[in-house]
Every structure is written in structure tokens, then in C-alpha cells.
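Colleague: So that we are looking at the same thing, I have put the structure below in C-alpha cells.
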DNA sequence: CTAACTGCAAAGCGTTTGCGATGAG
DNA sequence: CTCATCGCAAACGCTTTGCAGTTAG
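Chains as they are written, first to last, in this note's numbering: chain A, 591 to 731; chain B, 591 to 731.
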């Protein structure tokens, strides 16, 4: 069984939540996506494995997975929430505004700086969000 | 007349758009807000000056002001768009997740770093968004 | 068994839009 | 005058929810 499903099962056992077929399919669907799908995309992909899954269950399961810390939500400004698996390697996103492509990146210096800034303001950083909207350097203006 | 209204009038003249009483009231309302109001808050505050302004006009005017580059939109994750005047001094936002307070800050090092990161990835930075979600350092966990 | 979960359809909520009336230029 | 804009109410798109039937534990 995949690691992700195991993670879900652990969470369910610890929280008196039932582990259902639909839930397994939905986590796996997200785990198998290497883009940043929105709810409808997850729904469509999940239906390939179980055609009778409903959009309501997809929404409910995604909310649950978010609370479980298994997936995280992003909002890239197109009006819908997008999701991806939480992994150990934190990264931020660069959005190519011409193609919509999303490039993940990690910058050590940036991570340190964010903490430093929060600290300077008298806060302790809990979470953050950085998105760079950009165009390819080679692109003609 | 306020600078902001003048800015709006310039934009209108250059774009064959009419400058109406409602539009003036709405820019001024936003200019007078030193928080980051959502559309409904702008609407309510605008109504104090003209009780018959409609929410539709508020939405339409806010969209126009955004296109004019007079105001900018933010999304702090509470499901509604928030707005503030565009000023020369760029800043990012730190959100106190306990109180909802929004602190504006500017960090030179960060600005440089963002450009550098985009450049390293082969992109030219067009826009960006950084939000820090944090709690007061003195707060007990 | 029985509380949690599902699918369905209806409702919720922020936002947009079609319309006939109004008003700026 | 004429076209842009207004207020109203209906529609929209994403998301949530009440309900009656189903299922995991």
C-alpha cells in the first residue's frame, strides 16, 4: 500500500474517522498528480478509478486531507483553490503568467530572510506564502 | 480636490470613461481607509456618503480602479478580495493569525532576493506576492 | 449495530451581468 | 442627444450543507 494511504489511515485511526474507499482514491489521485490540481480536476481524475464518486465527497475529503496536514491549499489567483501533497521539502512557486506553468523552487536564503523579517517585527513565523509572477527572460516584451 | 480623484479623472479622460459621483465617492472611500477593506466594507463606507450607491456599482468601480492601477487587490485567504491604494512605497504583508491584524512591511534585502530568484530560474519578475502568517513573539504557545 | 460517511440536490456566498432607466459630456 | 453608467435583481461559479440511504468498524 502506498505511503500516502498509510498516512491517511494513521490520521483516521487517531481521530475516530473512517477510512473509506473514496478517501483512499482521492489521496492517491492527488499523490499521483504532479501538477497542482483544483477540486474539479481531482474529482475528474478520481472518477477514473471510481466513477460514482461525487463532487461533494471530493470537497469533503480534500478539506479533511488539509486538516490532516496531508495536502496543502494554494491560491494562484484564478479563483479556485489548488492542492498538492505536503512533502518534507518546502518550496515556493513561480507562475509563468504567459503559459500558466507553475515552477516550484526553494531558496535557502529566502527561508532565512522570512524568519528574520517576522522576528524583526516582533512575530514568530507560523506560515507564509510567496508567489512570483514572471515571464521568461527570453520573451519579447 | 484630492489627488486620488484627480488620478481617477486623468484615467477617465484618457480612456473615454465618464467620471461619476459614485466613482469619486468610491475612490475616496478607499483612499480614506487605512485598513484593507473588502468590497462590502467599501460599499458600506461609501453608502455613508451616498446612501443609494449599489453593491454592483461598487464591484464595477473597484474593477475599474484596479485596471487603472489606482488600487490593488489582495487575497489574505479569508475568501474575499481586499483592496488598498497603490502607493509608491511597495510593501508586503504580515498577518497576525490570532487577531487578523495586517502589518505592512518593506524589506530591501527581500526585494532584491526576489528578483535574483526569478532571474536564476530564467524569468523576469513581473509581480509577486508575499504574505507572512505569524503570531506575536510574546504569545504563549 | 450505529455513528460516520456517501450521493444528491439545494443552498450559500462572493462576484458578475442583463436590463430598462438615468445622467455625463 | 447619445452612449456610458446606474440600480436592481437574476445568474454565476465555486464551495458547503441537509437529508435519507449506505457502510466501516
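For glycine and all other residues, C-beta sits at the position ideal for the given N, C-alpha and C.
Taking residue 697 of chain A as the reference, which of B/697, B/687, B/694 and B/708 has the closest Cα?
Modeller: B/708
Colleague: Measure how close the beta-carbons of residue 673 of chain B and residue 639 of chain B come, nearest whole angstrom, since I'm counting them as under 8 Å.
Modeller: About 17 Å separates the two Cβ atoms, so there is no contact after all.
Colleague: Under 8 Å: do the stretch 647-662 of chain A and the stretch 627-637 of chain A share three or more Cβ pairs, one atom per stretch?
Modeller: yes
Colleague: DSSP three-state call for residue 655 of chain A: helix, strand or coil?
Modeller: helix
Colleague: According to DSSP, which residues form a beta bridge with residue 724 of chain B?
Modeller: Paired residue(s): A/715 and B/686.
Colleague: Output the distance between the C-alpha atoms of residue 724 of chain A and residue 606 of chain A, rounded to the nearest integer angstrom.
Modeller: 45 Å
Colleague: What separation, rounded to the nearest whole angstrom, lies between the Cα atoms of residue 635 of chain A and residue 611 of chain A?
Modeller: Going from the Cα of residue 635 of chain A to the Cα of residue 611 of chain A covers about 15 Å.
Colleague: Residues of chain A with CB under 9 Å from residue 665 of chain B, in chain order?
Modeller: 665 and 667
Colleague: Assuming residue 615 of chain A is part of the alpha helix (DSSP H), what are its boundary residues?
Modeller: 611-622
Colleague: Report yes or no: do three or more beta-carbon pairs, one from the stretch 679-691 of chain B and one from the stretch 663-683 of chain A, lie closer than 8 Å?
Modeller: no
Colleague: Please confirm if residue 681 of chain B has its CB atom under 8 Å from at least one CB of chain A.
Modeller: no
Colleague: Quick check on DSSP: helix, strand or coil for residue 663 of chain A?
Modeller: strand
Colleague: Over the uninterrupted alpha helix (DSSP H) stretch that includes residue 692 of chain A, give me the two end residues.
Modeller: Looking at the DSSP string, residue 692 of chain A is not in any alpha helix (DSSP H); the run it does join, the beta strand (DSSP E), is 692-695.
Colleague: For residue 624 of chain A and residue 727 of chain B, what's the separation of their Cα atoms in angstroms?
Modeller: Distance between residue 624 of chain A and residue 727 of chain B, taken at the CA atoms: about 37 Å.
Colleague: Any idea what DSSP makes of residue 638 of chain B, helix, strand or coil?
Modeller: coil
Colleague: Which residues of the stretch 689-705 of chain A have a Cβ closer than 7 Å to any Cβ of chain B? Give them in chain order.
Modeller: 693, 695, 697, 699, 700, 703 and 704
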